[in-house]
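Protein chains in written order, with full-length UniProt numbering: chain A, 1 to 550; chain B, 1 to 550. Using N, Cα and C, we set each Cβ at its ideal position, and we do this for glycine too. All figures in this text were calculated on a predicted structure; none of them were measured in a lab. Okay, so here's the structure we're looking at.
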């Protein structure tokens, strides 16, 4: 039996219409680095989004489903693009300006972007790549920059303000099917080509509601949020769309993501909330220690992107009265997957075990753990498995390219359509996730898993050890076994493998203790400073490591 | 272009699964009137909901789309029915036990309810009606009651606990289309037959998310809410479904809706939030004045159902530290239509003008005002029109009956599908609604509207006037004009119509002042004590009133 409810699609234009009317007085403040920040109301953003849509359609010929890319920082114009492009039925494609040049070119080609909106300050990055970006017909330069860099380039060059000026400030947004593509974002996997995730109007709408729920961020128009997380990282965690739903004011850092200007803008503009990766906050704390600032307006900050050290959370809270809330997600999860508000009624100590977890799943994100033998593991806080998730804002495939079917790599999507996150962890009976390893770093030994991260953490607790990386190596009897690669401190003196082995034996199950050991001068690192274990595995395979078997 | 997001339906079973696992420790406490309240965890409710579904399907033969009615108070078993019936693909039909007997019989017949779940305490109400409820095959008695009243009745009688005992505590909930009917509720209009609103899984899910948003109630598992609003009134304003999404604890009053037990349960169980109509709070304040209780746990209460006197809001806040938040909705709007959290950054005086409004629309509820000439009125806080709303949890039709098409009366739904609320009001530029009249009580004079409520309020401010009702009467020149019917105070002495007219003339526009006046001994009232203006209009039409035209 069908209900008698109205059939109203959940679309980005609905959020825009609401935000720019009911919350028309709410503001986006963009930091300019010098002088007064730039301020614009939601009502103005709504009018300018309409002007942008008219310009894109009438002047640049952008049609439904056309991809329009942005290579921009966090600022009011980027928010205008966030709304105008999906609302008119086209697809917003945010480009990650930190990707290697070849990947950027590959991604623009794969998405077949027809237009690129670029901040003037990023022209030195874009200009040399434009000759290779063959699908791009128009470049729209937003804000000041050296446009001489574009001299002689093939695409037509426009200046944003001149392009939108004088156009109608309202737009008859089309009524779209809520499952229509609205925005896309490519993941930068360490192996293979980048993969495109295509968000729908529905997924953005529902995700925005979740961000605004009390159990997530729960902000209102009495709040101002500072998204330090870039708008080219999973839609700035959904904040730009979410704030238009509830009138939360935005403080935008533009390109000023360094500790000193962040401290300055927090003191001056008094945001109540912020969102960023841990390294940003670590830098901010150091800055504040060197040059104290009043950041008392901040009530809580959401931290995600990588695990946050508990010491950072405690320092922030004790020294600055800022509550740090852990969250987990990925490009494929829009990104809100978990938020670590602890359950009510716990002692301080119990609270911390929840707060340092990745957090609790909301109702729209179903989760399961798949163990080493492919069976589902219980939520007992102890049984580890690869996390798989399902929900209306979770990817079920990757973009296959124009006119191509979506692709569903087996290692990323289960046969029944759940996303394989590639993360290994445990879940408590009350739904709190703790991630321990990347699935590819787990050692599969005799049908059981050994956590390389756990072994590394224990080893690095030994007074003589500077760094340690544990990788899986093939083993005839057990399938895989751990190889411990250890960097000793300069002043460590003599330390035997047996001593390190016995040190571990007191901390993990006997069968998890590595037999294979090697000393190395340094752990190879990726460009972002993470352990590059595939280098170690390759060195082992080629026999380049001097391994002792105990 | 389609997105690559998973296509996951928004269903009641998803809310149930989440609430009974991730929030399995949250609790429903049901007041029993004597001794310890009854306590049950969300995990237990989830298990018992599964048992109920097994019993309904296997024992009572309830199939997909079958209607299962409840005639119950607010208690844990009613919550079990709230989840089990929709989640299994059947339709929950809550019966309003305050309706006249004939209407109850009519509604059960129209919905073709096959089963009625009834609280034992309500058997005296149900038993005499059962012979006329021909579609009902099974009666399930929940809790203690005089079952001898059912002796010899046609339907099979079951006892709830015996019926569900021993059945499996899990159920393989079907994956339903989110637009499937989940629950229904009939409105009790003052004219014509009651009209059935059929909620979908989608509408319940989205409404639950909205209830949990910071701008609405924004509760978390640190909260306990006391829904005094009955579960047979628009799903207790959506609270039972919403709390399972976020783990908010429920304090259920069962049938103890009187001021004394409410005060007692608030003191004993310390809820942080409550929801009820104004008369309940008025009674509670009087009770607390007579017998003080500690209600300091209450942080805020949501008031709706009818306009709340500002004095009540102030008293609650000043004497008890409880913030009263106004909200507006109706059966057709699920019901969340507006919530009156004021905008940020206002002075205390400005705040109150927002707080006494009906409130602000959320992003999912679009609104427009249709003026006397059928055109859309501006949101300027002054131009009045009939409120029409659109959104994913707003009705677009009424239930037509089994195998019948839904019905869309012209006076309730616009040609483009919006709900005509029948309420007249104004909307501020920032989206706050103030209702002034029912559309049928507005006087349409020369293409403009005159608010009967405003005239009445002014007249009742005159020292000699006890009551005043203003109704529209036909007028050759203006279409309609106001007729003022006035009840003088016993000690009023001589008061002329001219004096009353001049009194009004200083307060409203000249053209709004009535020419027609009559003194009556009392204003006719409906069964719930409201002015019954249709009686006055009929008396005027029949020439039964002694009208003076000035």
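Three-state secondary structure assigned by DSSP to residue i
{"i": "residue 548 of chain B", "result": "strand"}
{"i": "residue 377 of chain B", "result": "strand"}
{"i": "residue 555 of chain B", "result": "This structure cannot settle anything about residue 555 of chain B, because the visible part of chain B is limited to 1 through 550."}
{"i": "residue 184 of chain A", "result": "strand"}
{"i": "residue 310 of chain B", "result": "helix"}
{"i": "residue 274 of chain A", "result": "strand"}
{"i": "residue 246 of chain A", "result": "helix"}
{"i": "residue 227 of chain B", "result": "strand"}
{"i": "residue 75 of chain B", "result": "coil"}
{"i": "residue 517 of chain B", "result": "strand"}
{"i": "residue 301 of chain A", "result": "strand"}
{"i": "residue 525 of chain A", "result": "strand"}
{"i": "residue 149 of chain A", "result": "helix"}
Own chain, CB closer than 7 Å to residue i, minus 5 neighbours either side, in chain order
{"i": "residue 321 of chain B", "result": "296"}
{"i": "residue 236 of chain A", "result": "74, 227, 229 and 230"}
{"i": "residue 446 of chain A", "result": "478 and 479"}
{"i": "residue 553 of chain A", "result": "Residue 553 of chain A is absent from the structure shown; chain A starts at 1 and stops at 550."}
{"i": "residue 570 of chain B", "result": "A query on residue 570 of chain B cannot be resolved here, the shown segment of chain B reaching from 1 to 550 and no further."}
{"i": "residue 536 of chain A", "result": "469, 471, 485 and 524"}
Buried versus exposed, by CB contacts within 10 Å (16 or more), residue i
{"i": "residue 218 of chain B", "result": "buried"}
{"i": "residue 13 of chain B", "result": "buried"}
{"i": "residue 86 of chain A", "result": "buried"}
{"i": "residue 386 of chain A", "result": "buried"}
{"i": "residue 412 of chain A", "result": "buried"}
{"i": "residue 223 of chain B", "result": "buried"}
Of the residues the options, the one placed nearest residue i, counting alpha carbons only
{"i": "residue 539 of chain A", "options": "A:488, A:500, A:508 and A:483", "result": "A:483"}
{"i": "residue 246 of chain A", "options": "B:343, B:470, B:505 and B:86", "result": "B:343"}
{"i": "residue 139 of chain B", "options": "B:462, B:56, B:311 and B:387", "result": "B:56"}
{"i": "residue 42 of chain B", "options": "B:19, B:52 and B:51", "result": "B:19"}
{"i": "residue 142 of chain B", "options": "B:263, B:121, B:434 and B:314", "result": "B:121"}
{"i": "residue 514 of chain A", "options": "A:543, A:452 and A:532", "result": "A:452"}
{"i": "residue 429 of chain A", "options": "B:444, B:130 and B:23", "result": "B:23"}
{"i": "residue 473 of chain B", "options": "B:485, B:463, B:462 and B:466", "result": "B:485"}
{"i": "residue 129 of chain A", "options": "A:368, A:155 and A:58", "result": "A:155"}
Cβ neighbours of residue i in the same chain (closer than 6 Å, five flanking residues each side left out)
{"i": "residue 384 of chain B", "result": "424, 426 and 449"}
{"i": "residue 548 of chain A", "result": "497 and 517"}
{"i": "residue 399 of chain A", "result": "196 and 198"}
{"i": "residue 307 of chain B", "result": "none"}
{"i": "residue 107 of chain A", "result": "186 and 194"}
{"i": "residue 283 of chain A", "result": "259"}
{"i": "residue 173 of chain B", "result": "13 and 87"}
{"i": "residue 545 of chain A", "result": "518 and 539"}
Min CB distance residue i to chain E below 8 Å
{"i": "residue 83 of chain B", "result": "In the displayed structure, chain E is absent; the protein chains listed are A and B."}
Neighbourhood of residue i by C-beta distance below 8 Å, restricted to the same chain and skipping five residues each side
{"i": "residue 291 of chain B", "result": "260 and 263"}
{"i": "residue 267 of chain A", "result": "293, 294 and 295"}
{"i": "residue 436 of chain A", "result": "384, 424, 425, 426, 451, 453 and 454"}
{"i": "residue 206 of chain A", "result": "10, 364, 392 and 393"}
{"i": "residue 382 of chain B", "result": "426"}
{"i": "residue 243 of chain B", "result": "19, 26, 219, 225, 249 and 250"}
Near the ligand SAH: residue i beta-carbon under 7 Å from a heavy atom
{"i": "residue 216 of chain A", "result": "Among the ligands in the structure shown, none appear at all, so the ligand SAH cannot be discussed."}
*Using a beta-carbon distance cut-off of less than 9 Å, what residues from the segment 187-209 of chain A approach chain B?*
196, 197, 198, 199, 200, 201, 202, 203, 205, 206, 208 and 209
_Residues within the segment 31-50 of chain B neighbouring chain A, beta-carbon criterion of under 8 Å_ = none
_Closer than 7 Å between beta carbons: that is the criterion. Which residues of the segment 364-393 of chain A meet it against chain B?_
390, 391, 392 and 393
_Contact residues within the segment 394-427 of chain B, judged by C-beta distance below 7 Å to chain A_ = 394, 395, 396, 397, 398, 399, 406 and 417
*Contacting positions in the segment 218-235 of chain B - beta carbon closer than 7 Å to chain A*: 218, 219, 220, 221 and 222
*asked:* If the cut-off is 9 Å on Cβ atoms, which residues from the segment 339-356 of chain A count as contacting chain B, listed in chain order?
replied: 341, 343, 344 and 345
*Any residues in the segment 8-22 of chain B with a beta carbon nearer than 9 Å to a beta carbon of chain A? Which ones, in chain order?*
8, 9, 10, 14, 15, 17, 18, 19, 21 and 22
*Listed from N- to C-terminal order along the chain, which residues in the segment 244-255 of chain A have their beta-carbon within a distance smaller than 7 Å of any beta-carbon of chain B?*
245 and 246
*If contact means a Cβ-Cβ distance below 9 Å, which residues of the segment 96-120 of chain B contact chain A?*
none
*Would you list, in chain order, the members of the segment 297-322 of chain A that have their beta-carbon closer than 9 Å to a beta-carbon of chain B?*
none
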